[in-house]
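S.K.: Let me begin by handing over the structure; questions about it come next.
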Amino acid sequence: RRHAARAPAGSTPAAGVHARRADFHRAPAAAGIAVGHGARPVSCRASPTPPPPPSPQDPDFAYQLGPDFGQPPPQPAGKELALSRESWDLMTDRLVAASAMPFSILVLPQVVQSAVSLAAGDPGQLSIISWEGYLSGLLGNMLMCTHFSGRGERSAVNVQLIGILNNMLVLCLVALASFMPAVVFAATSALVAAAVAMCTGRLAGRFTSHMARGGGLPAWTTWQLLVGLVGLSLIPQIVGNMAMGGQLGALPCVLALLLGGGGVAYRMRTLDGRRALARTVEQLPGWAATLMFALSPLPQLLRNFIEPGSLEGLSLGTMLLALLGNSLMLPRALFTRDPVWICCTSWGMMAGWGQLLSMVLGASPVTGKAYLALNTFISISAVLIAFVAFSMLETARHRRKTLESVWETDY
Numbered sequence: 012r013r014h015a016a017r018a019p020a021g022s023t024p025a026a027g028v029h030a031r032r033a034d035f036h037r038a039p040a041a042a043g044i045a046v047g048h049g050a051r052p053v054s055c056r057a058s059p060t061p062p063p064p065p066s067p068q069d070p071d072f073a074y075q076l077g078p079d080f081g082q083p084p085p086q087p088a089g090k091e092l093a094l095s096r097e098s099w100d101l102m103t104d105r106l107v108a109a110s111a112m113p114f115s116i117l118v119l120p121q122v123v124q125s126a127v128s129l130a131a132g133d134p135g136q137l138s139i140i141s142w143e144g145y146l147s148g149l150l151g152n153m154l155m156c157t158h159f160s161g162r163g164e165r166s167a168v169n170v171q172l173i174g175i176l177n178n179m180l181v182l183c184l185v186a187l188a189s190f191m192p193a194v195v196f197a198a199t200s201a202l203v204a205a206a207v208a209m210c211t212g213r214l215a216g217r218f219t220s221h222m223a224r225g226g227g228l229p230a231w232t233t234w235q236l237l238v239g240l241v242g243l244s245l246i247p248q249i250v251g252n253m254a255m256g257g258q259l260g261a262l263p264c265v266l267a268l269l270l271g272g273g274g275v276a277y278r279m280r281t282l283d284g285r286r287a288l289a290r291t292v293e294q295l296p297g298w299a300a301t302l303m304f305a306l307s308p309l310p311q312l313l314r315n316f317i318e319p320g321s322l323e324g325l326s327l328g329t330m331l332l333a334l335l336g337n338s339l340m341l342p343r344a345l346f347t348r349d350p351v352w353i354c355c356t357s358w359g360m361m362a363g364w365g366q367l368l369s370m371v372l373g374a375s376p377v378t379g380k381a382y383l384a385l386n387t388f389i390s391i392s393a394v395l396i397a398f399v400a401f402s403m404l405e406t407a408r409h410r411r412k413t414l415e416s417v418w419e420t421d422y
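Written as structure tokens, this is what we have:
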């Protein structure tokens, strides 16, 4: 009925509908807007001009930029954790570098005294120096230098290089005094030169541990294998000297070299064997050095408890310096999660603490007093325990936060 009422007179309702549709399509055209079937109306007004950017000459320049003008941009999530971890990484690395000082002080007095005696024309004073002990320490430093070079620890490598230099100075003075065989000194010098060249080349990126196309061992892996076998062959020699008093001579070392060489030759027959051998020798120099350092102080430590009179010739300052050097390396060992380094530093600290304990329990036959006061021992022990606890807790905290960050990022 509505359609019929709006339609012109004499027309049908359908005609009214068509007329209204025609008026709808004509009305927008009169307003200047072109609208077609299915199209949207478009405004003819011009878009507003954007405001000009703030000018530095404007006195309200900083106000126009906003309240955050001049402030650093917000850091993404997890950046604060990365900086905290980097700071702990840097601190542990600096502690390792600082450990070179107490280790150097341990040997420098002997170097100066030997040089003065040799310059004064009295080489007999150098006869009391055990060159075998310094040679053992030199080989231990060389093995640990190889281990740290493989892991890219530059500060630890520098510490071991300083130890090699100090021991070589003592051996050189002993050799000049004719108390060390010239052949042994020449072989030691050649081995040390090769070790320094290989370790520095490894840090510089000249040597890699990737196997060649033919399946041959790379130069760095071959070096690790050679020095690792030499280090392991010295372990039976040290044990034999402790048990038999040197009556066996070099027999334990020779037998260990033959057994080790035979095992290596057997593994080198196949490609899979060479690959397994390349993975095994990565830790070989480090474990060999750890065993050497662990066995070396045992005779003296046992003698201190069995014969308290032997404590007369021990120096408290030397023990404290050795304990300090090993303690400074512990945080880095925990941070890098290196089992070789952790075992080596932990045993060094335990051996040093055991030496101090023997000085507390032992009494001088002359004065009847202990070589070390109980209060001093308790104070040193408390500081040592606090430092170890702080290192372990700090490392565990960074490890836990790192795992939480990885978990949140992945999931």
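Plus 11 on top of the position in the sequence shown (first one is 1) and you've got our numbering. Every residue, glycine too, gets a C-beta built ideally from N, C-alpha and C. Since the structure is predicted, the reported quantities are computational estimates derived from the model, not experimental observations.
1. Considering residue 250, what are the terminal residues of the alpha helix (DSSP H) in which it resides?
2. Express the C-alpha separation of residue 244 and residue 264 in angstroms, rounding to a whole number.
3. So residue 297 is in the alpha helix (DSSP H); what residue range does that whole segment cover?
4. Identify, in the order they occur along the chain, each residue of the same chain with its Cβ nearer than 7 Å to the Cβ of residue 398, setting aside the five sequence neighbours on each side.
5. Measure the alpha-carbon distance for residue 311 versus residue 299 and round it to whole angstroms.
6. For residue 160, is the classification buried or exposed, using 16 other Cβ atoms within 10 angstroms of its Cβ as the cut-off for buried?
7. If you compare alpha carbons, which of 231, 189 and 199 is closest to residue 175?
8. Would you list the residues sitting across from residue 381 in a DSSP beta bridge?
9. Terminal residues of the continuous alpha helix (DSSP H) containing residue 216?
10. With C-beta atoms as the reference, is residue 246 less than 9 Å away from residue 303?
11. Which value, in whole angstroms, describes the spacing of the CA atoms of residue 124 and residue 387?
12. With distances taken from CA atoms, which of 204, 207, 235 and 205 is nearest residue 219?
13. Threshold first: 4 residues or longer. Then list the alpha helix (DSSP H) segments lying entirely within the region 262-288, N to C.
14. Would you decide whether residue 258 is buried or exposed? Buried here means 16 or more other CB atoms lie within 10 Å of its CB.
15. Counting beta carbon pairs with one atom in the region 95-115 and one in the region 342-360, are three or more of them shorter than 8 Å?
16. Out of 239, 238, 187 and 360, which has the shortest C-alpha to C-alpha gap to residue 133?
17. Counting Cβ pairs closer than 8 Å, one from the region 197-214 and one from the region 165-179, do we hit at least three?
M.R.: Quick answer:
1. 230-255
2. 5 Å
3. 295-306
4. 338
5. 20 Å
6. buried
7. 199
8. 374
9. Segment: none, residue 216 is in no alpha helix (DSSP H) and carries neither H nor E.
10. yes
11. 30 Å
12. 235
13. 262-278
14. exposed
15. yes
16. 187
17. yes
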